[in-house]
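Engineer: Counting with the numbering used here, you get residues -14 to 270 for the letters of the sequence shown.
Note that beta-carbon positions come from the ideal geometry of N, C-alpha and C, so glycine has one too.
The model shown is predicted, which means the values in this text are computed figures rather than measured ones.
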Amino acid sequence: MQSAYLNGSFLPLAEARVPVMDRGFLFGDGAYEVIPVYSRRPFRLTEHLRRLQRTLDGIRIANPLSDAGWMRLIGEIIARNEPEDQSVYLQITRGADTKRNHAFPAQVVPTVFMMSEPLVTPPAAQRETGIAAVSAVDFRWLRCDLKTTSLLANCLLRQLAVDAGCVETILFRDGCMIEGAASNIFAVRDGVLLAPPKNHLMLPGITYDVVLELAAANGLRAEVRDVSEGEARAAAELWMTSSTKEVLPITVLDGRPVGDGKPGPVFHKMYAWYQDFKARVMRRA
Ligand code: PDD
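1) According to DSSP, is Leu(-9) part of a helix, a strand, or is it coil?
2) If Thr40 and Lys132 are in contact, beta carbons under 8 Å, what's the gap, nearest whole angstrom?
3) Tell me the DSSP secondary structure of Ala117 in three-state form.
4) Does the Cβ of Thr229 lie closer than 7 Å to at least one heavy atom of ligand 1?
5) Does the beta-carbon of Met137 have 16 or more other beta-carbons within 10 angstroms, so that it is buried, or is it exposed?
6) May I have the straight-line CA-CA distance separating Val5 from Ala81, to the nearest angstrom?
7) When the distance is taken between beta carbons, is Asp14 closer than 8 Å to Thr78?
8) Under 7 Å from any heavy atom of ligand 1, does the C-beta of Ala184 make it?
9) On a CA-only basis, which of Arg85, Met56, Gly115 is nearest Phe12? Give me that one, please.
10) Give me the residue from Tyr(-10), Pro250, Arg241 with the minimum Cα distance to Ala117.
11) To the nearest angstrom, how far is the alpha carbon of Cys129 from that of Trp224?
12) Any contact of the stretch 14 to 25 with the stretch -14 to 5, i.e. 3+ C-beta pairs under 8 Å?
13) Sort Ala217, Ser(-6), Leu34 by Cα distance to Ser120 and report the nearest one.
14) Under a three-way DSSP split, which group does Trp126 fall into?
15) Does the distance from the CB of Trp258 to the CB of Asn203 come in under 8 Å?
16) CB-CB under 8 Å to Pro95, same chain, minus the five flanking residues each way: which ones, in chain order?
17) Give the straight-line distance between the Cα atoms of Ala88 and Asp42, rounded to the nearest whole angstrom.
18) Measuring from the CB of Gly190, is there a heavy atom of ligand 1 at a distance below 7 Å?
19) With C-beta atoms as the reference, is Phe98 less than 8 Å away from Ala167?
20) In the DSSP output, which residue or residues are listed as bridge partners for Val177?
21) Is any non-hydrogen atom of ligand 1 found closer than 7 Å to the C-beta of Val119, if you look at the structure I gave you?
22) Return the CA-CA distance between Pro182 and Arg35, expressed in angstroms with no decimal places.
Quick look at the structure:
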């Protein structure tokens, strides 16, 4: 049975209930994080909590817990769930009001919810053949750096991929590659790793940081800069990264092969570095 946390109590997930007047339900007014847990150890928890604080500051919700409080709760939800590798989801909404009003209530208590799901990394076949992606114009708002629960645009964009039998949608805005509907995207050209820069249009991924750190540690040349749509479409390799997908090669974009249509040599290196890092660091964090 999956154990969840809601406003001070642990309970079975199926029994967790929030009031319909919660602004998370009415307006998508909340922040969230997804934290991968390897061998019962949350990975880069400090960085996830820092990103959570940034989102809460950006949407003007006071953090209901200290870092120590979050660490204790996250430790407890991990302990209460069975899998060794988990994906801990946490969200804070502004809370429940008595009437529906766009403006913030004068006094409101945030809703704190947490659950754990088994961390299922992509099947080997996806890594061996790569995944297919479609592209779309990024029609999200101008604060994509905040990890908010208002994800309707991301859901619509991801569904475009699913409808086309693909895994991810790569988003382009004003001629530049931004990120995926629920992942960051890297390109490889002439053996150089290209990463779109962190700004208000893209979520600063924790896995994105790991990939750039592994590139630096292993002497792979990387450039963090705008990647034009033309460069992305002509890239030798494209990858998607996220806490749950890790690093996955994209071998088809809009029905056309990326490079030679197979996972490339730079991906194979990065995948090996990532797995080594997981065994050495993440499982012992
Ligand atoms: N999403 N960009 C977007 C829009 C995302 O939703 C995510 C992750 C990422 C990658 O971030 P990270 O490496 O920290 O997981 C980038 C999570 C997994 C989700 O919404 O489920």
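Structural biologist: Inspection of the coordinates gives the following:
1) The residue you call residue -9 lines up with position 6 of the sequence shown. Three-state result, Leu(-9): strand.
2) Translated into positions along the sequence shown, residue 40 becomes position 55. Translated into positions along the sequence shown, residue 132 becomes position 147. Yes, Thr40 and Lys132 are in contact; Cβ-Cβ is about 5 Å, under 8 Å.
3) The sequence position of residue 117 within the sequence shown is 132, counting from 1. Reduced to three states, the DSSP call for Ala117 is strand.
4) Looking up residue 229 in the sequence shown gives position 244. Yes, the beta carbon of Thr229 sits closer than 7 Å to at least one heavy atom of ligand 1.
5) What you label residue 137 is simply residue 152 of the sequence shown in a count that begins at 1. Per the sequence shown, residue 137 should be read as Leu rather than Met. Exposed.
6) Translated into the one-based positions of the sequence shown, residue 5 becomes position 20. Translated into the one-based positions of the sequence shown, residue 81 becomes position 96. Linking Val5 to Ala81 through their CA atoms gives a straight-line distance of about 8 Å.
7) Here residue 78 refers to the residue found at position 93 when the sequence shown is read from its first residue. Here residue 14 refers to the residue found at position 29 when the sequence shown is read from its first residue. Yes. Within cutoff.
8) Looking up residue 184 in the sequence shown gives position 199. The amino acid at residue 184 is misidentified as Ala; the sequence shows Asn. Result no, Cβ not under 7 Å from ligand 1.
9) Here residue 12 is taken as the residue at index 27 of the sequence shown, counted from 1. Among Arg85, Met56, Gly115, the Cα nearest to that of Phe12 belongs to Arg85.
10) Translated into the one-based positions of the sequence shown, residue 117 becomes position 132. If we check each option's Cα against that of Ala117, Arg241 comes out closest.
11) Position 144 of the sequence shown, counted from the first residue, corresponds to residue 129. Position 239 of the sequence shown, counted from the first residue, corresponds to residue 224. Cα-Cα distance, rounded: 20 Å.
12) no
13) Position 135 of the sequence shown, counted from the first residue, corresponds to residue 120. Looking at the Cα atoms, Ala217 is the closest of the given residues.
14) To locate residue 126, count along the sequence shown from 1; it is residue 141. In this structure, Trp126 counts as coil in the three-state DSSP scheme.
15) Position 273 of the sequence shown holds residue 258. Position 218 of the sequence shown holds residue 203. Yes, the Cβ-Cβ distance between Trp258 and Asn203 is below 8 Å.
16) Position 110 of the sequence shown, counted from the first residue, corresponds to residue 95. The residues are Ile46, Ala47, Pro49, Ile77, Thr78, Arg79, Gly80.
17) Taking the sequence shown and counting its residues from 1, one reaches residue 88 at position 103. Taking the sequence shown and counting its residues from 1, one reaches residue 42 at position 57. Those two C-alpha atoms are separated by around 17 Å.
18) Walking along the sequence shown from the start, residue 190 turns up at place 205. At least one heavy atom of ligand 1 is nearer than 7 Å to the Cβ of Gly190, so yes.
19) As a working note, residue 98 is residue 113 in the sequence shown. As a working note, residue 167 is residue 182 in the sequence shown. No, these two residues do not count as a Cβ contact at 8 Å.
20) For the purposes of this step, residue 177 is identified with residue 192 of the sequence shown, where counting begins at 1. The partner list for Val177 (beta bridge, DSSP) reads Arg174.
21) If you number the sequence shown from 1, residue 119 lands on position 134. Answer for Val119: no, Cβ out of range of ligand 1.
22) Here residue 182 is taken as the residue at index 197 of the sequence shown, counted from 1. Here residue 35 is taken as the residue at index 50 of the sequence shown, counted from 1. Cα to Cα, the separation comes out at about 19 Å.
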